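>
In my numbering, the protein residues as written are 8 to 363.
(1) Based on the DSSP output, what are the partners of residue 164 in its beta bridges?
(2) Rounded to the nearest angstrom, what separates residue 183 and residue 190 at their Cα positions?
(3) Which of the three DSSP states is assigned to residue 106 in this structure?
(4) Using DSSP's beta-bridge definition, name the partner residues of residue 203.
(5) From residue 289 to residue 282, what distance separates their C-alpha atoms?
(6) Expressed to the nearest angstrom, what Euclidean distance is found between the alpha-carbon atoms of residue 81 and residue 345?
(7) Do residue 142 and residue 187 come within 8 Å of each other at the CB atom, strictly closer than that value?
(8) Would you be able to state if there are at least three C-beta pairs under 8 Å between the region 131-150 and the region 193-210?
(9) Three or more beta-carbon pairs under 8 Å between the region 314-324 and the region 106-115, yes or no?
(10) For residue 303, I'd like the list of residues in its chain whose CB is within less than 6 Å of its CB, leaving aside the five on either flank, ordered along the chain.
(11) Count the other CB atoms within 10 Å of the CB of residue 285; is the residue buried (16 or more) or exposed (fewer)?
(12) If you follow the beta strand (DSSP E) that residue 86 is in, where does it begin and where does it stop?
(13) List the residues that DSSP assigns as beta-bridge partners of residue 223.
(14) Determine contact between the region 129-143 and the region 154-162, defined as no fewer than three beta-carbon pairs at a distance below 8 Å.
(15) Helix, strand or coil for residue 210 per DSSP?
(16) Output the distance between the C-alpha atoms of residue 78 and residue 118, rounded to the nearest integer angstrom.
(17) Check the DSSP bridge columns for residue 83 and list the partner residues they point to.
(18) What span of residues does the alpha helix (DSSP H) with residue 343 cover, start to end?
(19) From residue 353 to residue 235, what distance separates their C-alpha atoms?
(20) Would you kindly work out how many angstroms separate the C-alpha atoms of residue 170 and residue 102, rounded to a whole number?
(21) When burial is assigned at 16 or more other CB atoms within 10 Å of the CB, is residue 166 buried or exposed?
(22) Give the single residue among 270, 322 and 273 whose Cα lies nearest to the Cα of residue 99.
(23) Measure the alpha-carbon distance for residue 371 versus residue 298 and round it to whole angstroms.
(24) Would the beta-carbon of residue 210 fall within 8 Å of that of residue 268?
(25) For residue 291, name the three-state secondary structure that DSSP assigns.
(26) Just how far apart, CA to CA, sit residue 256 and residue 219?
(27) Whose CA, out of 155, 342 and 195, lies closest to the CA of residue 180?
(28) Kindly provide the ranges of any alpha helix (DSSP H) runs that are 4 or more residues long and lie completely inside the region 254-292, ordered along the chain.
(29) Evaluate residue 194 with the Cβ neighbour count: other Cβ atoms within 10 Å of its Cβ, from every protein chain shown; 16 or more gives buried, anything less gives exposed.
(30) If distances are taken between C-alpha atoms only, which option among 222, 295 and 332 comes closest to residue 116?
(31) Going by CA-CA distance only, name the one from 168, 153 and 198 that's closest to residue 177.
(32) Could you check whether residue 254 and residue 247 sit closer than 8 Å to each other, using their CB atoms as the reference points?
(33) What residue range is occupied by the uninterrupted alpha helix (DSSP H) comprising residue 186?
(34) Could you pull out every residue in the same chain whose Cβ sits closer than 7 Å to the Cβ of residue 3, ignoring the five residues on either side in sequence?
(35) Compare the C-alpha of residue 324 against each of 347, 333 and 334 and name the closest.
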């Protein structure tokens, strides 16, 4: 893909409030081999596990029309972000970013191979009659649409700070509220909670984990997936010397997030925090590396590497407001993008990106 990053079309980054996704790709998740489970139900509770339809009870969902949704957004440096004062400035929520999220969804589906593992399939297809509920936190990707289509008998709820998509299926409900105040719902509401790419949006991720534990039914599954913003050289060389512009960008994003109260160094500690929290019978951490670029001989791995490279460059564009926050001029930012693009596309270096 030949991408021109010297000219940024800001008009294309305006939020399209009635956006519809006609095609849904796979989900960008890397699941642990055995996702964290709460203790299993005892026999008596299992027999009584027949709830009323989850959408028939009073809901905290905010229904948003096209005109009303404008108030959820604000502009900064040509990109659109949630207007909530408590929201950190990390990734925008405009059309360009939603396309990048969809691209990443397709990319990691190729790596992970599926939206879920067998444990989740068994949970969503119990051998007894039950009302099954799933929560998707910060529901930006098409994951919820794919899963709702695959499991039409399951009720899916997506929650987000802003409206970024519309429910396409009757078993999907989307809620919009300030997630920093906690996830809405009664205790032991959900069978499965999916949190993908959520770490960088919370200044207190431990509180979100506690809330997820509260919402999970006994025997439920929690899946937490995130991308560590780091690159490694395949041949063992120092990335600081081999890809200085890319390295500078990664470190700059780290610094800006820390300034806003988000310590991304805690990403690898999620498993440890869950163990300290207690209440889960199985917790496993999985790290999966993927190639970046076209250096792999295997055709599938080469395709994955090319997609990863494109996604990284689009992510750089999505985070460019952080450079302006640091006092950089437009000329300096454009020069950085040109240098980073050259390192990613022209140097042919060998690198690995890591998913947690």
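No residue lacks a Cβ here, since even glycine has one placed at the ideal position from N, Cα and C. Quick caveat, the model's predicted, so the values are computed rather than measured.
In short:
(1) Taking the first residue of the chain shown as position 1, residue 164 is located at position 157. 142 and 180.
(2) In the chain shown, the residue the question calls residue 183 occupies position 176. In the chain shown, the residue the question calls residue 190 occupies position 183. When rounded, the distance between both Cα atoms is 11 Å.
(3) Against the chain shown, residue 106 aligns to sequence position 99. It is helical.
(4) In the chain shown, residue 203 corresponds to position 196, counting from 1. Answer by DSSP bridge pairing, in chain order: 232.
(5) Locating residue 289 in the chain shown gives position 282, counting from the first residue. Locating residue 282 in the chain shown gives position 275, counting from the first residue. Cα to Cα, the separation comes out at about 9 Å.
(6) Here residue 81 refers to the residue found at position 74 of the chain shown. Here residue 345 refers to the residue found at position 338 of the chain shown. About 27 Å.
(7) Locating residue 187 in the chain shown gives position 180, where the first residue counts as 1. Locating residue 142 in the chain shown gives position 135, where the first residue counts as 1. Taking 8 Å as the Cβ cut-off, residue 187 and residue 142 do not qualify as a contacting pair.
(8) Inter-segment contact for the region 193-210 and the region 131-150 is present: three or more beta-carbon pairs are separated by less than 8 Å.
(9) With the cut-off at 8 Å, the region 314-324 and the region 106-115 touch.
(10) In the chain shown, the residue the question calls residue 303 occupies position 296. Shown here for residue 303: same chain residues with a beta carbon closer than 6 Å to its own, the five before and five after excluded, namely 309 and 312 in chain order.
(11) For this step, residue 285 is matched to residue 278 along the chain shown. Exposed: under 16 other Cβ atoms inside 10 Å.
(12) Taking the chain shown and counting its residues from 1, one reaches residue 86 at position 79. Per DSSP, residue 86 belongs to the beta strand (DSSP E) from 86-89.
(13) Stepping through the chain shown from its first residue, residue 223 is reached at position 216. For residue 223, the beta-bridge partners assigned by DSSP are 197.
(14) Contact between the region 129-143 and the region 154-162 is present, with at least three C-beta pairs closer than 8 Å.
(15) Here the question's residue 210 lines up with position 203 in the chain shown. Looking at residue 210 - three-state DSSP - the assignment turns out to be coil, as it is neither helix nor strand.
(16) What you label residue 78 is simply residue 71 of the chain shown in a count that begins at 1. What you label residue 118 is simply residue 111 of the chain shown in a count that begins at 1. Their backbone Cα atoms lie some 37 Å apart in a straight line.
(17) Position 76 of the chain shown holds residue 83. In the DSSP assignment, residue 83 forms a beta bridge with 86.
(18) By 1-based counting over the chain shown, the position of residue 343 is 336. Start and end: 337-352.
(19) For this step, residue 353 is matched to residue 346 along the chain shown. For this step, residue 235 is matched to residue 228 along the chain shown. Straight through space, the alpha carbons of residue 235 and residue 353 are spaced by roughly 24 Å.
(20) Within the chain shown, the letter at position 163 stands for residue 170. Within the chain shown, the letter at position 95 stands for residue 102. Between residue 170 and residue 102, the C-alpha separation is close to 12 Å.
(21) As a first step, residue 166 is located in the chain shown; it is residue number 159 there, counting from the start. It counts as buried.
(22) Here residue 99 corresponds to residue number 92 of the chain shown, with the count starting at 1. Nearest option by C-alpha distance: 322.
(23) As shown, the chain starts at 8 and ends at 363. That puts residue 371 outside it, with no answer to give.
(24) Taking the first residue of the chain shown as position 1, residue 210 is located at position 203. Taking the first residue of the chain shown as position 1, residue 268 is located at position 261. Cβ atoms of residue 210 and residue 268: closer than 8 Å.
(25) The sequence position of residue 291 within the chain shown is 284, counting from 1. Assignment of residue 291 by DSSP, reduced to helix, strand and coil, places it in the coil class.
(26) Counted from its first residue, the chain shown places residue 256 at position 249. Counted from its first residue, the chain shown places residue 219 at position 212. Computed Cα separation, rounded: 32 Å.
(27) On the chain shown, residue 180 is found 173 positions in, with the first residue counted as 1. With distances taken between Cα atoms, residue 180 lies closest to 155.
(28) The DSSP assignment places complete alpha helix (DSSP H) segments of no fewer than 4 residues inside the region 254-292 at 277-284, in order along the chain.
(29) Walking along the chain shown from the start, residue 194 turns up at place 187. Flag for residue 194 reads exposed.
(30) Residue mapping note: residue 116 aligns to position 109 of the chain shown, counting from 1. Taking only the C-alpha atoms, the option nearest residue 116 is 295.
(31) Working through the chain shown from its first residue, we reach residue 177 at position 170. Selected option, being the one with the closest Cα: 153.
(32) Walking along the chain shown from the start, residue 247 turns up at place 240. Walking along the chain shown from the start, residue 254 turns up at place 247. Taking 8 Å as the Cβ cut-off, residue 247 and residue 254 qualify as a contacting pair.
(33) Translated into the one-based positions of the chain shown, residue 186 becomes position 179. For residue 186, there is no enclosing alpha helix (DSSP H), as DSSP marks it with neither H nor E.
(34) The question about residue 3 has no answer here: the residues shown for the chain are numbered 8 through 363.
(35) If you number the chain shown from 1, residue 324 lands on position 317. The candidate whose alpha carbon is nearest that of residue 324 is 347.
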